[in-house]
Amino acid sequence: MVGEKNTKLLEKTLLLEECMNAYKYAVETVQKNSPLMDEMAASCAGVCREAAEECLTLGKVENDRVYLMCLEYVRLCEELESHQIFPQQKDMKKSV
1 MVGEKNTKLL
11 EKTLLLEECM
21 NAYKYAVETV
31 QKNSPLMDEM
41 AASCAGVCRE
51 AAEECLTLGK
61 VENDRVYLMC
71 LEYVRLCEEL
81 ESHQIFPQQK
91 DMKKSV
């Protein structure tokens, strides 16, 4: 059914938005050198991992682009945990 397909796409889109928001917040904590930055990065990875798994339950296609984007957010969050993305925090501009 067309309606069911659109509903699943909307659900996947919301999951991807959840990943984006988690990553954005984790980046902000790293930029501010917050004492919670490691926990936020780990939480971000967990949120995105769960979103990716939920994408599979909605479509069961491992090559699904939204699923793969959620997994990419997992990788980005894991990089935040080791601070590989931000080696020079002093030079970064504050987020809007």
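Note that this note's numbering gives residue 75 to position 75 of the sequence shown, counting from 1, and the numbers run on in steps of one. Beta carbons: idealized from backbone N, C-alpha and C, even for Gly.
Asked, Found
"Touch test, the segment 32-50 against the segment 59-78, Cβ-Cβ under 8 Å, three pairs minimum", "yes"
"Distance CB(residue 45)-CB(residue 70) smaller than 8 Å", "no"
"Buried versus exposed, by CB contacts within 10 Å (16 or more), residue 29", "buried"
"Supposed close pair residue 11, residue 68 - CB separation, criterion 8 Å", "So it is not a contact: roughly 16 Å between Cβ atoms."
"Cβ distance (whole Å) where residue 49 is taken to contact residue 74 below 8 Å", "5 Å"
"Proximity to residue 47 [Cα-Cα], best of 7, 26, 35", "26"
"Counted within 10 angstroms of its Cβ, other Cβ atoms place residue 9 as buried (16 or more) or exposed", "exposed"
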